[in-house]
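In full-length UniProt numbering, the protein residues as written are 1 to 116. Note that beta-carbon positions come from the ideal geometry of N, C-alpha and C, so glycine has one too.
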């Protein structure tokens with residue numbers, strides 16, 4: 001899977017690579033959408049076994065690699081900006097733009113991943 005040059009140029013901040021297997025789930029039905037690949041304060045990428053709807057809005061939970069302030073997950077509302085089939089597996093990569101994240105959850109992300 002290769003990101004197009006246009007998509008890379010639209011990013012405003014660098015993303016932090018996630019080195020652990022962290023699930024991204026739908027907050028409403030608890031279905032696992034995929035695993036987190038990288039993230040920034042503005043967005044994230046995940047790998048999914050299923051194609052996701054570009055432009056689709058989702059209320060999500062992101063797993064944290066450790067418990068922060070008594071929580072192992074954070075809430076994020078995000079929109080799928082792009083989704084494309086991987087060139088090296090049967091999975092799909094999808095980029096999400098964060099539309100809403102509670103301040104305490106952003107603080108937890110910064111504590112865990114630092115520098116975002």
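Please work out which residues of its chain come closer than 6 Å, Cβ to Cβ, to residue i, disregarding the five sequence neighbours upstream and downstream, and give them in chain order.
| i | result |
| --- | --- |
| residue 24 | 33, 34, 36, 46, 60 and 62 |
| residue 8 | Residue placement at residue 8 is flagged as unreliable, the pLDDT there being 48, under the threshold of 50; the coordinate-derived value follows with that caveat. Counting only Cβ-Cβ distances below 6 Å, and skipping sequence neighbours, we find nothing. |
| residue 95 | 45, 81 and 82 |
| residue 64 | 72 and 112 |
Grouping DSSP H, G and I as helix and E and B as strand, with all else coil, what is residue i?
| i | result |
| --- | --- |
| residue 68 | strand |
| residue 77 | strand |
What does the alpha-carbon distance come out to for the pair residue i and residue j?
| i | j | result |
| --- | --- | --- |
| residue 109 | residue 82 | 23 Å |
| residue 111 | residue 68 | 8 Å |
| residue 74 | residue 87 | 30 Å |
| residue 42 | residue 66 | 22 Å |
| residue 72 | residue 114 | 17 Å |
| residue 40 | residue 14 | 7 Å |
| residue 103 | residue 29 | 24 Å |
| residue 97 | residue 70 | 26 Å |
| residue 56 | residue 27 | 15 Å |
| residue 58 | residue 19 | 24 Å |
Report all residues from its chain with a CB closer than 8 Å to the CB of residue i; omit the five preceding and five following residues, and keep chain order.
| i | result |
| --- | --- |
| residue 54 | 80, 81, 82 and 83 |
| residue 49 | 34, 90, 91 and 92 |
Which residues in the same chain have their Cβ closer than 7 Å to the Cβ of residue i, if we skip the five residues on either side of it in sequence?
| i | result |
| --- | --- |
| residue 31 | 25 |
| residue 100 | 77 |
| residue 51 | 83 and 92 |
With residue i and residue j assumed to form a contact (beta carbons below 8 Å), what rounded beta-carbon distance in angstroms separates them?
| i | j | result |
| --- | --- | --- |
| residue 21 | residue 38 | In fact, because the Cβ distance is near 13 Å, the residues do not count as touching under 8 Å. |
Would you mind listing the beta strand (DSSP E) stretches within the region 8-65 that are 3+ residues and don't spill past its ends, in chain order?
As far as the region 8-65 is concerned, its whole beta strand (DSSP E) runs of at least 3 residues are 23-26, 32-39 and 43-48.
Beta strand (DSSP E) runs wholly inside the region 84-112, at least 3 long, in chain order
Fully enclosed beta strand (DSSP E) runs of 3 or longer: 92-100.
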